[in-house]
Amino acid sequence: MAHVLPLWNIPSLGVKDSQAQFPVRRIFCVGRNYVEHQKEMGGDGREVPFFFIKSAHALVPGGGNVHYPPKTSNYHYETEMVVAIGKGGRRIDAKQANEHIYGYGVGLDMTRRDLQQLGKDHGRPWDFGKDFDAAAPCSALVPAARSGHPAKGAIWLKVNGKERQRADLSDMIWSVPEQIAYLSEYYTLEPGDLIYSGTPAGVGPVKAGDDLHAGVEGVGELKVKIVAAL
Ligand code: MN
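Be aware that the sequence shown starts at 358, since it is given in our numbering, and climbs by one per residue.
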């Protein structure tokens, strides 16, 4: 079929020890899914987590250089385990949710915190704070067939070699299967969907020149360098 524009590539992630790519459809992100992070964001640690969405075109596959984004002076990291959906479905039972997972990665939910706060203050959407160019760096995926389904293990971030975030996956308020069950009541989950499963406490700002090094035990690591704005 002819198109009036040249077709662009489908956003995709690498797969560890493989030449094959994982094509990405949508990116769902859970907010406030670790108690200590809820508290640092002004919550009482008891709220129900919620979701927002980023465009798949915001991915930075495998990390690397990321330009400091425009229109912010408070650009934050949030280290998260990323869940890659391999088999779609709706109204998925949490007990069967793992069967829908292709694999796992390490992601950064990069955030223009000042624009997100502006949205919160005025009851407006979060998109400008959360969904922008290069807002979703993510490592290559490890297939669940190799990693299993990590429900505990360290999640951490170093900035310029200094540890800024460290928690355990078991500190999540909503487990990954619970997130899949919840999301699939609202959306038909499709192969290629990603879920950023929330960040622990310790979020903070970065500037051009900073080196970010994130990891999830049993899943992998991700390195990002913030470079000058375009
Ligand atoms: Mn997040």
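Glycine residues also receive a C-beta, built at the ideal position from the N, C-alpha and C atoms. Every value quoted in this text rests on a predicted model; they were computed, and no experiment measured them.
Problem - Local Cβ density within 10 Å of Gln-473, reported as buried at 16 or more and exposed below that - result: Here residue 473 refers to the residue found at position 116 when the sequence shown is read from its first residue. With 16 or more other Cβ atoms within 10 Å, it is buried.
Exercise for the section: Please go through the same chain and pick out, in chain order, the residues whose beta-carbon is closer than 7 Å to the beta-carbon of Phe-409, but skip the five residues on each side of it. Expected result: For the purposes of this step, residue 409 is taken as the residue at position 52 of the sequence shown. Cβ neighbours of Phe-409 beyond the five flanking positions: Cys-386, Gly-388, Trp-483 and Lys-487.
Exercise for the section: Leaving out five residues on either side along the sequence, give the residues of the same chain with a beta carbon under 7 Å from the beta carbon of Asp-398. Expected result: As a first step, residue 398 is located in the sequence shown; it is residue number 41 there, counting from the start. Strictly speaking, residue 398 in this sequence is Met, with Asp absent from that position. Taking C-beta separations shorter than 7 Å and ignoring five residues to either side along the sequence, the partners of Met-398 in its chain run Arg-389, following chain order.
Handout entry: C-alpha gap between Asp-525 and Tyr-391, whole angstroms
Key = To locate residue 525, count along the sequence shown from 1; it is residue 168. To locate residue 391, count along the sequence shown from 1; it is residue 34. C-alpha of Asp-525 to C-alpha of Tyr-391: approximately 10 Å in a straight line.
Exercise for the section: Could you have a look at Lys-487 and say whether DSSP puts it in helix, strand or coil? Expected result: Working through the sequence shown from its first residue, we reach residue 487 at position 130. Note: Lys-487 maps to helix in three-state DSSP.
Practice task
List in chain order the residues whose CB is within less than 5 Å of at least one heavy atom of ligand 1.
Solution key: So the residues near ligand 1 by this Cβ test are Glu-435, Asp-466 and Thr-556.
Problem - Glu-456 to Tyr-539 span [Cα, whole Å] - result: Taking the sequence shown and counting its residues from 1, the one referred to as residue 456 is at position 99. Taking the sequence shown and counting its residues from 1, the one referred to as residue 539 is at position 182. Going by the C-alpha atoms only, they are around 15 Å apart.
Handout entry: Own chain partners of Leu-498 with C-beta closer than 6 Å, once the 5 adjacent residues on each side are dropped
Key = Reading the sequence shown from its first residue, position 141 is the one you call residue 498. Result list for Leu-498: Leu-370, Val-372, Phe-379, Ala-441, Gly-460 and Gly-462, in chain order.
Problem - Per-residue DSSP class, three states only, for Ser-375 - result: For this step, residue 375 is matched to residue 18 along the sequence shown. Under the three-state reduction of DSSP, Ser-375 is assigned to coil, being neither helix nor strand.
Practice task
Could you tell me the distance, in whole angstroms, from the CA atom of Ser-554 to the CA atom of Val-439?
Solution key: Looking up residue 554 in the sequence shown gives position 197. Looking up residue 439 in the sequence shown gives position 82. Using only the alpha carbons, I get a separation of about 6 Å.
Problem - Beta-carbon proximity of Pro-557 to Ile-512, cut-off 8 Å - result: Start at 1 with the first residue of the sequence shown, and residue 557 comes out as number 200. Start at 1 with the first residue of the sequence shown, and residue 512 comes out as number 155. Yes, the pair counts as a contact, with Cβ atoms nearer than the cut-off.
Exercise for the section: With Pro-548 as the anchor, note down where its alpha helix (DSSP H) starts and where it stops. Expected result: Residue mapping note: residue 548 aligns to position 191 of the sequence shown, counting from 1. In the DSSP assignment, Pro-548 falls outside any alpha helix (DSSP H), carrying neither H nor E.
Practice task
Would you decide whether Ser-527 is buried or exposed? Buried here means 16 or more other CB atoms lie within 10 Å of its CB.
Solution key: One-based indexing of the sequence shown puts residue 527 at position 170. Around the Cβ of Ser-527, a 10 Å sphere holds fewer than 16 other Cβ atoms; the residue is exposed.
Exercise for the section: If I'm right that Thr-436 touches Asp-471 with Cβ under 8 Å, what's the distance once you round it to whole angstroms? Expected result: Within the sequence shown, the letter at position 79 stands for residue 436. Within the sequence shown, the letter at position 114 stands for residue 471. Between Thr-436 and Asp-471, the beta carbon gap of about 20 Å keeps them out of contact (Cβ cut-off 8 Å).
Handout entry: Inter-residue spacing [alpha-carbon to alpha-carbon] between Asp-466 and Tyr-434
Key = Counting from 1 along the sequence shown, the entry for residue 466 is found at position 109. Counting from 1 along the sequence shown, the entry for residue 434 is found at position 77. So the two alpha carbons sit approximately 6 Å from each other.
Problem - Enclosing alpha helix (DSSP H) for Ile-537 [first to last residue] - result: The count along the sequence shown starts at 1 and reaches residue 537 at position 180. Per DSSP, Ile-537 is one residue of the alpha helix (DSSP H) stretching across 533–543.
Exercise for the section: May I ask you to check if the CB of Cys-495 is nearer than 7 Å to at least one heavy atom of ligand 2? Expected result: Ligands in the displayed structure: ligand 1; ligand 2 is not one of them.
Handout entry: Per-residue DSSP class, three states only, for Val-563
Key = Numbered from its first residue, the sequence shown carries residue 563 at position 206. In the three-state scheme derived from DSSP, where H, G and I count as helix and E and B as strand, Val-563 is classed as coil.
Handout entry: Asp-550 vs Arg-383 beta-carbon contact at 8 Å
Key = Here residue 550 is taken as the residue at index 193 of the sequence shown, counted from 1. Here residue 383 is taken as the residue at index 26 of the sequence shown, counted from 1. Yes, Cβ-Cβ distance for Asp-550 and Arg-383 is below 8 Å.
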